[in-house]
Amino acid sequence: MRLCSFAATLLTTLTVSHTQAATPGETCLQDLRVLPAFLLENDTGARQHLAQKGQAYFDQALASASTAAARVNGEAACNTVLSGYLSQWRKGHLQIMPTGALKHETPAAAPSSTAAPTATIDDRAPSLQLLSPHTALLTLPSFFPGYAGLINDLLESKRDELASRRNWIIDVRRNNGGSDSTYAPLLPWLASGESVNIGGEWLSTPANIASQENICALYAPGDATCTKYMALAVTRMRSVQPGQFVAQSTNGPVSYASVSGQAVQPSRVAVLVDRDCGSSCEQFLLEARQSFRVKLIGRNSGGALDYSNLRMHPLPSGRRQLAYATSRSARLPDLQVDLDGIMPDIYLPPPKDEAERAQEIVRVQRWLEGGTLRPNNI
Numbered sequence: 095m096r097l098c099s100f101a102a103t104l105l106t107t108l109t110v111s112h113t114q115a116a117t118p119g120e121t122c123l124q125d126l127r128v129l130p131a132f133l134l135e136n137d138t139g140a141r142q143h144l145a146q147k148g149q150a151y152f153d154q155a156l157a158s159a160s161t162a163a164a165r166v167n168g169e170a171a172c173n174t175v176l177s178g179y180l181s182q183w184r185k186g187h188l189q190i191m192p193t194g195a196l197k198h199e200t201p202a203a204a205p206s207s208t209a210a211p212t213a214t215i216d217d218r219a220p221s222l223q224l225l226s227p228h229t230a231l232l233t234l235p236s237f238f239p240g241y242a243g244l245i246n247d248l249l250e251s252k253r254d255e256l257a258s259r260r261n262w263i264i265d266v267r268r269n270n271g272g273s274d275s276t277y278a279p280l281l282p283w284l285a286s287g288e289s290v291n292i293g294g295e296w297l298s299t300p301a302n303i304a305s306q307e308n309i310c311a312l313y314a315p316g317d318a319t320c321t322k323y324m325a326l327a328v329t330r331m332r333s334v335q336p337g338q339f340v341a342q343s344t345n346g347p348v349s350y351a352s353v354s355g356q357a358v359q360p361s362r363v364a365v366l367v368d369r370d371c372g373s374s375c376e377q378f379l380l381e382a383r384q385s386f387r388v389k390l391i392g393r394n395s396g397g398a399l400d401y402s403n404l405r406m407h408p409l410p411s412g413r414r415q416l417a418y419a420t421s422r423s424a425r426l427p428d429l430q431v432d433l434d435g436i437m438p439d440i441y442l443p444p445p446k447d448e449a450e451r452a453q454e455i456v457r458v459q460r461w462l463e464g465g466t467l468r469p470n471n472i
């Protein structure tokens, strides 16, 4: 009896010692090796990417990543290797994140009267500048859910100032996406009466269903809208066999919505966009450009919209997790955003520095007010 107990204790000790002795390269390889099979079963774009690029392409990508993973000497280096491997599948909406992290932001707390002078300023918060009696600048660096209330409050509290300006500049350069519902209060200011919306499809798998059931508690705790929406998603996903796609809506992929506009709307709206506008930022572009009064100005957007609704999957090492897509757009394959982003109506070459980036606002204001988009030095 004591011998068996001793043997069990020794085995446990050796197992723990082996786990503790695992090198960064070993744990990195452990995580890398599960990625291909998991993606092909659960990620909404993986099967299509395999069909497009071929098995040999991904075999070579895995072999190269395995060699690099075996040589890493730390977590950061491993994350770089795994991220590089994922980029061979898709450049956006597929990433490695630390365990416990979510691609989620909350606004910085407002400084209290007793706060230190160095209180944090949230550079992702929405802001409004009244550039002239004719033009307003609305800067929206993020559409993450934590900013929904701030955007709505800004539009409500500055309603008179916004309504009195016929020209708007909406700056979504460097907007890292978030949630479509965050920008919803802005749409009545832009709408021309009706919008055409293309929905998406869920991929039903056990892992995807489990992630939908848990996402609200992680991402938006206490949000009744999230809970209701995801409950409907789970019901839809359970209605088909594992491995099948199912439309997100029972009414089909295309919907036509009548949007009640504000009593007073801007006459001309320039949306400034660049390569850092991705995900929900790109969905905003697709909706905003349906208005007769809106022009997109700048560069192509980032191209991370066709496969979306990211969910987290823990990797075997316990040190990192995979963020992957659980839905795909019904626009596919006819209108692909991920190929090269959304093209602007008016192209502006990339600025060389922050000064030139700031000058884009000056140029667009001048253009809206009857002048030229031409740079000052031309």
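Under the numbering used here, think of the first position of the sequence shown as 95, with each following residue one higher. Note that beta-carbon positions come from the ideal geometry of N, C-alpha and C, so glycine has one too.
Query, Result
"For Asp265, the first and last residue of its enclosing beta strand (DSSP E)", "Asn261 to Asp265"
"Spatial distance of Leu467 from Ile264 (CA atoms)", "16 Å"
"Rounded distance between the beta-carbons of Leu409 and Ala417, thought under 8 Å", "Contact doesn't hold; Cβ gap of about 11 Å is too wide."
"Beta-carbon proximity check, Asp368 vs Arg267, cutoff 8 Å", "yes"
"Bridge-paired residues (DSSP) for Ser251", "DSSP lists no partner for Ser251."
"Residue environment, Lys464, which counts as buried when at least 16 other CB atoms sit within 10 Å", "Residue 464 is actually Gly in this sequence, not Lys. Gly464 should be labelled exposed."
"Where Pro443 sits in the DSSP three-state scheme", "coil"
"Nearest residue (CA-CA) to Gln377, options Gln124, Tyr350 and Ser275", "Ser275"
"Residue(s) in a DSSP beta bridge with Ala419", "Leu404"
"Distance CB(Ser421)-CB(Trp296) smaller than 8 Å", "yes"
"Residue closest to Val353, alpha-carbon to alpha-carbon, out of Arg414, Ser385 and Gly397", "Ser385"
"C-alpha gap between Asn261 and Arg362, whole angstroms", "5 Å"
"Neighbourhood of Leu249 by C-beta distance below 6 Å, restricted to the same chain and skipping five residues each side", "Pro279"
"Residues near Thr212 in its chain [Cβ-Cβ closer than 6 Å; skip 5 each side]", "Any reading at Thr212 is ruled out, since the residue's pLDDT is 47, under 50, leaving its predicted position unreliable."
"N-terminal and C-terminal residue of the alpha helix (DSSP H) that Gly489 is part of", "Lying outside 95 to 472, the shown extent of the chain, residue 489 is not represented and no answer is given."
"Straight-line Cα distance separating Asn308 from Asp125", "22 Å"
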